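Novice: I am attaching a structure below and will ask some questions about it afterwards.
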Amino acid sequence: MNKLIIPIIIAVIFVAAAGAYFVFQISSFTDNKPIPKESVVYPQKFHIEGSKIVDESGKEIIFRGFDIVSITYLLKMDQKGPGLVVWGEDFFREMSAWGSKITRIQIIPEEWEEDRANAIKLIDQTIEWSKKYNMYIYLEYNVAGFPPTLNYDKESKSATKQDFIGFWDEISKKYKNEKTVAFYEIMNEPTYSSNKSRLDNALLKKDWLLWKEFAEEIIDVIRKNDSDSVIIVGGLVWGYDNSFALEYPIERENIVYGTHPYPWRSEHKSWDEAFGNIKNKYPVFATEFTVAGLATNLRKWDSVRNELSKIVYLEDLHEEGKKVRGNKRKESEIALKMVERIKKDRAALNYLVSEREKYKREIKSYLENKKISWTAFTFYSIYPEFSIINEDYTLTEQGEWFRQWLQEKK
Numbered sequence: 000m001n002k003l004i005i006p007i008i009i010a011v012i013f014v015a016a017a018g019a020y021f022v023f024q025i026s027s028f029t030d031n032k033p034i035p036k037e038s039v040v041y042p043q044k045f046h047i048e049g050s051k052i053v054d055e056s057g058k059e060i061i062f063r064g065f066d067i068v069s070i071t072y073l074l075k076m077d078q079k080g081p082g083l084v085v086w087g088e089d090f091f092r093e094m095s096a097w098g099s100k101i102t103r104i105q106i107i108p109e110e111w112e113e114d115r116a117n118a119i120k121l122i123d124q125t126i127e128w129s130k131k132y133n134m135y136i137y138l139e140y141n142v143a144g145f146p147p148t149l150n151y152d153k154e155s156k157s158a159t160k161q162d163f164i165g166f167w168d169e170i171s172k173k174y175k176n177e178k179t180v181a182f183y184e185i186m187n188e189p190t191y192s193s194n195k196s197r198l199d200n201a202l203l204k205k206d207w208l209l210w211k212e213f214a215e216e217i218i219d220v221i222r223k224n225d226s227d228s229v230i231i232v233g234g235l236v237w238g239y240d241n242s243f244a245l246e247y248p249i250e251r252e253n254i255v256y257g258t259h260p261y262p263w264r265s266e267h268k269s270w271d272e273a274f275g276n277i278k279n280k281y282p283v284f285a286t287e288f289t290v291a292g293l294a295t296n297l298r299k300w301d302s303v304r305n306e307l308s309k310i311v312y313l314e315d316l317h318e319e320g321k322k323v324r325g326n327k328r329k330e331s332e333i334a335l336k337m338v339e340r341i342k343k344d345r346a347a348l349n350y351l352v353s354e355r356e357k358y359k360r361e362i363k364s365y366l367e368n369k370k371i372s373w374t375a376f377t378f379y380s381i382y383p384e385f386s387i388i389n390e391d392y393t394l395t396e397q398g399e400w401f402r403q404w405l406q407e408k409k
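Residue numbers 0 to 409, in numbering that gives the first Met the number 0, belong to the letters of the sequence shown in order.
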């Protein structure tokens, strides 16, 4: 009888072991997700390896999140009208719930100069809320223009080299050991030395060399305090065009090239030329863009506006818009007038909607295929065509689109 029992016991043990192994295999691999080599602890210190932004374990990270306009500006929303959303922890709770991992924080030069202590206090509060939801931020000096030659629009704040040096020296000293501050973005939108260079690629190349030299000086200021921070350097033509970086890259370590691929920018240069080809060699971050409603800066989207003008008359509003350039409220009002006129013509409306939807499909596919990080413009604005949320925290049309994108990658 013992001879019979022993084989049975062995068989039972074998079957049990095989079953356990099978269960382990199913539980481990049915979701097709590899087991991580190590758990990633928040917060991480990021650095650059080739064309990738990587964490401390060497894993490539693709950031997806939102821009928020100046904190000081958002704090004053209750003074601008009843029911407007005031900056607070709810911003970060909502963004985190959707899957956002990073927030772009704008610092306006005027606000910095008026009350630096308050600006630092607000940044510190932003960091604390970000930590609570395991998110990161990056700080951006919100200047648009061409600082090497002090070429600024009359509506833009003129910032000198000393302004840049003073700001980044203080910021990098303050946050050099704060991992929640993932990156520094030198400025919002570098432009060009003149309208002539904007239209002449040979002259624009010379502008890039001037901008490269200026940026490297500011990077050196930061590096004296924070030796290994990741720094974002934007392209020319309103932060879009990095094409010259292939031949003349920023000659410093841990550099990311920033771009603003708004729909109309591709009329200057294609995405491939402006920033896509760069991503084959260096990391790229789309720090600002929108897929907003029908009023998406329609005045600037020349090819689309020209096609629409064949269907419905818009040139009077276009000329009116030129006169108020830089006044966002007036520009927004004119854009909305354009849309109202377009809505009265079914053919014009269908064309505009189709172009917008085409852009949405193409920009999402392009950024994902190239593994380009992004922050969408902007989480909340009193100008509804740019805003991600409404006053009651419901989503705008573009807000729902970005939320779905984040959910897919969560």
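Glycine is no exception: its CB is placed at the ideal position from the N, C-alpha and C atoms. Since we're looking at a predicted model, the values are computed, not measured.
Going by beta carbon distance, what residues of the same chain come within less than 8 Å of residue 69, once the five residues before and after it are set aside?
Specialist: 105, 106, 107, 110 and 141
Novice: Tell me whether the beta-carbon of residue 76 lies closer than 8 Å to the beta-carbon of residue 102.
Specialist: no
Novice: Hey, out of 159, 161, 166 and 227, whose CA is closest to residue 176's CA?
Specialist: 227
Novice: For residue 363 and residue 153, I'd like the C-alpha separation in whole angstroms.
Specialist: 34 Å
Novice: What would DSSP say about residue 229, mapped onto helix, strand or coil?
Specialist: strand
Novice: Pick out whichever of 128, 252 and 366 has its Cα sitting closest to the Cα of residue 219.
Specialist: 252
Novice: What three-state label does DSSP hand residue 86 in the structure shown?
Specialist: Three-state result, residue 86: coil.
Novice: By how many angstroms is the C-alpha of residue 290 removed from the C-alpha of residue 345?
Specialist: 21 Å
Novice: Can you pull the DSSP bridge partners for residue 103?
Specialist: In DSSP, residue 103 forms a bridge with 66 and 137.
Novice: For the stretch 144-151 against the stretch 183-199, do three or more pairs of beta-carbon atoms, one drawn from each stretch, fall closer than 8 Å, so that the two count as touching?
Specialist: yes
Novice: Mapping the DSSP letters down to three states, classify residue 372 as helix, strand or coil.
Specialist: strand
Novice: Name the one or two DSSP bridge partners that residue 119 has.
Specialist: Paired residue(s): none; residue 119 is not in a bridge.
Novice: What does the alpha-carbon distance come out to for the pair residue 391 and residue 84?
Specialist: 8 Å
Novice: Which residue marks the beginning of the beta strand (DSSP E) containing residue 180, and which one marks its end?
Specialist: 180-184
Novice: I need the boundaries of the alpha helix (DSSP H) containing residue 317, first residue and last residue.
Specialist: 314-322
Novice: Alpha carbons only, please: which of 185, 376 and 98 is nearest the one belonging to residue 404?
Specialist: 98
Novice: Using DSSP with H/G/I as helix, E/B as strand and the rest coil, what is residue 172?
Specialist: helix
Novice: Thinking just about the alpha-carbon of each residue, which of 139, 302 and 64 is nearest to the one in residue 166?
Specialist: Relative to residue 166, the option among 139, 302 and 64 whose CA is nearest is 139.
Novice: Would you check if the distance between the CB atom of residue 258 and the CB atom of residue 273 is smaller than 8 Å?
Specialist: yes
Novice: So what does residue 405 bridge to, in DSSP terms?
Specialist: The partner list for residue 405 (beta bridge, DSSP) is empty, contrary to what the question assumes.
Novice: Three or more C-beta pairs under 8 Å: does that hold for the stretch 155-170 against the stretch 205-212?
Specialist: no
Novice: In angstroms with no decimal places, state the Cα-to-Cα distance between residue 130 and residue 341.
Specialist: 45 Å
Novice: Pick out whichever of 281, 182, 267 and 117 has its Cα sitting closest to the Cα of residue 299.
Specialist: Comparing Cα-Cα distances from residue 299 to each of 281, 182, 267 and 117, the minimum goes to 267.
Novice: Which residues does DSSP list as the beta-bridge partners of residue 410?
Specialist: Nothing can be reported for residue 410: it is not among the residues displayed for the chain, which extend from 0 to 409.
Novice: Ends of the beta strand (DSSP E) at residue 285?
Specialist: 283-285
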